[in-house]
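To start, the structure under review is shown below, and the notes come after it.
Here it is as structure tokens:
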């Protein structure tokens with residue numbers, strides 16, 4: 001469990017490489033864009049929910065829950081969004097179709113069951129969550145795959161075989177003994193449960209209307225009645241409706257105020273939870289419930305939603321405490337909460353397999369810090385290493401960057417306005433030696449893994465505050481711990497408590513590491529991480545695409561999604577024309593762009 005999608009994607013990629021034979025899954029929010037439903041009473045403005053779902057992430061979420069229900073060797077990398085409501089695991093598993101080759105099925109009933117799972121029949125287009133009928137064959141494109149589908153061959157009501165095939169080229173892959181089809185949504189619900197839920201929704205509606213009318217809130221009553229009756233009709237006809245999650249309390253059978261089902265209910269009792277960068281992730285979990293509650297209360301008060309909509313929410317922190325399995329909090333700077341929860345069971349991962357030491361820390365006066373920085377930079381670059389410089393303000397960072405550029409240094413500036421893709425490219429350029437110095441503010445704290453970094457310079461280190469707190473200093477100092485020659489220079493006229501604690505802790509760890517290395521005759525060795533390109537440009541035809549165009553797309557999620565959809569249409573058209581080589585090439589391009597979008601979060 002990590003605190004943002006970008007870090008989740010990085011860990012997911014690493015875990016897949018380390019555990020190639022296990023079910024390594026990815027579970028984050030599937031919205032490319034999300035504007036929650038809201039009402040601003042001050043201006044009498046209602047904002048309808050607007051969202052754009054990322055199909056690739058939706059596929060990965062389905063794959064994660066499926067693996068948790070079917071396998072034991074599962075690793076799920078998740079963001080903190082996993083504490084938001086999800087469909088009940090019992091109902092999700094209940095709403096499956098298990099097929100076995102050679103058994104008898106009433107063909108028309110099977111088609112009806114697929115519709116109940118909210119699969120759409122589409123005999124022309126064939127994509128995730130659809131099925132089609134061709135003669136005696138039924139083709140099913142399951143929601144947890146994007147590169148394989150199933151062909152069921154019938155003779156009357158006897159199912160002769162189940163064959164896996166490539167939905168793009170039609171190539172036969174493998175014959176299966178059985179197949180399990182899961183619902184196309186985590187909120188798919190059996191018909192009888194929906195019928196019971198409708199009765200409960202109508203009961204609550206009447207109670208709420210009576211209350212609103214009693215308090216002379218006639219407009220609110222009319223609005224609520226109109227909206228809810230429409231949702232009820234949709235549920236009766238289709239088993240679903242827009243905003244169905246707002247009725248999740250009734251659909252999951254939970255009591256009022258009870259915690260919603262989340263990903264944690266899909267985990268086995270003996271699961272193990274790692275909370276990475278827990279000093280950041282835990283405060284996020286604490287804050288989620290209150291923000292969501294305030295928005296929904298306004299919707300309920302003004303007749304846009306029933307009070308039961310308040311139960312469509314993230315877990316409260318206290319509930320998360322109950323639901324989480326045995327937990328390991330991972331942080332270089334654990335907060336008091338983690339230390340308290342561990343009850344003294346603190347394991348210090350100070351010794352590194354590479355023998356690397358925490359960096360040597362030197363404190364120098366602020367007076368003439370820039371002049372001294374230049375000499376430190378020259379010495380570091382002469383060794384073929386890179387430099388990270390952290391300043392207090394954006395203005396200082398810009399001025400320092402301009403000054404270093406005027407002196408002829410290869411330098412770049414990292415700040416909050418830099419897009420994710422550009423940030424990744426800047427870090428790649430630094431690692432490859434296209435730039436030697438990176439100047440930044442808060443972005444230099446966490447998430448930068450740069451083995452080539454030989455110097456971290458902290459300007460104005462004695463200006464006590466958030467950016468120069470003990471936690472911030474330790475995190476920043478840690479950026480130099482990937483290289484055997486890593487050093488940190490703190491420019492300070494006064495030794496603040498934060499500097500004293502941060503440097504003291506770094507020296508303590510360094511001493512433990514030195515003693516261990518000496519005892520076991522270990523020589524510190526700089527780690528060697530491959531430098532991966534975000535986008536495999538060789539997958540693209542230079543006549544149609546170039547690096548600049550692709551990067552421009554990755555900076556704009558809406559345009560990127562539109563481009564991917566365009567490529568998918570071209571791919572399907574090529575497949576329809578039996579141009580399978582061209583279709584496969586387009587699919588490779590789509591996969592590359594979707595993986596890049598995933599890494600960008």
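Residue numbers (UniProt numbering): 1 to 601.
Quick reminder that beta carbons are idealized off the backbone N, C-alpha and C, glycines included.
Note that this is a predicted model, so its numbers are computed, not measured.
Here DSSP, grouped into helix, strand and coil, assigns residue 453 to strand. When the five nearest sequence neighbours on each side are left out, the beta carbons in the same chain lying within less than 8 Å of the beta carbon of residue 332 are those of 474, 475, 478, in order along the chain. With respect to residue 370, residue 437 sits apart: the two C-beta atoms are not nearer than 8 Å.
The beta carbon of residue 528 lies closer than 7 Å to those of 451 in the same chain, with the five residues before and after it left out. The C-alpha of residue 134 lies about 8 Å from the C-alpha of residue 123. Per DSSP, the beta-bridge partners of residue 360 are 487. Secondary structure at residue 79: strand, using DSSP grouped into helix, strand and coil. With the rule of 3 Cβ pairs closer than 8 Å, the segment 338-352 does not count as touching the segment 239-248.
The secondary-structure analysis by DSSP pairs residue 104 across a beta bridge with 158.
Of the residues assessed, residue 483 falls on the buried side of the cut-off, its CB having 16 or more other CB atoms within 10 angstroms. Between residue 325 and residue 273, the CB-CB gap stays under 8 Å. Excluding sequence positions up to five before and after residue 26, its CB lies within less than 6 Å of the CB of 12, 60, 77, all in the same chain and listed in chain order. Residue 40 counts as exposed, since fewer than 16 other beta carbons sit within 10 angstroms of its beta carbon.
Counting only the Cα atoms, residue 354 lies some 14 Å from residue 512. Contact fails between the segment 147-167 and the segment 197-205, because fewer than three Cβ pairs, one in each stretch, are under 8 Å apart.
DSSP places residue 469 outside both helix and strand once states are collapsed to three, so it counts as coil.
Linking residue 576 to residue 280 through their CA atoms gives a straight-line distance of about 49 Å. Between residue 92 and residue 156, the C-beta gap is not smaller than 8 Å, which leaves the two residues out of contact.
A direct Cα-to-Cα measurement between residue 205 and residue 292 gives close to 22 Å. If you draw a straight line from the Cα of residue 320 to the Cα of residue 24, it comes to about 23 Å.
Under the three-state reduction of DSSP output, residue 276 falls in the strand class.
The Cβ atoms of residue 492 and residue 462 lie closer than 8 Å to each other. Straight through space, the alpha carbons of residue 360 and residue 401 are spaced by roughly 25 Å.
By the criterion of at least three beta-carbon pairs nearer than 8 Å, the segment 209-223 is not in contact with the segment 167-178.
For residue 138, there is no enclosing alpha helix (DSSP H); the enclosing beta strand (DSSP E) has its first and last residue at 137-141.
Beta-bridge analysis with DSSP links residue 125 to no other residue.
DSSP places residue 382 inside the alpha helix (DSSP H), whose first and last residues are 369-382. Between residue 126 and the set 569, 315, 585, the nearest pair of CA atoms involves 569. Ranking 330, 100, 571 by CA distance to the CA of residue 588 puts 571 first. Three or more beta-carbon pairs separated by less than 8 Å are not found between the segment 366-383 and the segment 304-322, which leaves the two stretches without contact.
Between residue 80 and the set 396, 454, 4, the nearest pair of CA atoms involves 4. For residue 171, same chain residues with a beta-carbon under 7 Å away, outside a window of 5 residues either side, are 165 in chain order. The residues 355, in chain order, have a CB closer than 6 Å to that of residue 522 in the same chain once the five nearest residues on each side in sequence are set aside. C-alpha of residue 488 to C-alpha of residue 98: approximately 60 Å in a straight line.
The residue from 581, 584, 573, 593 with its alpha-carbon nearest to that of residue 563 is 593. For the 8 Å CB-CB criterion, residue 311 and residue 239 do not form a contact.
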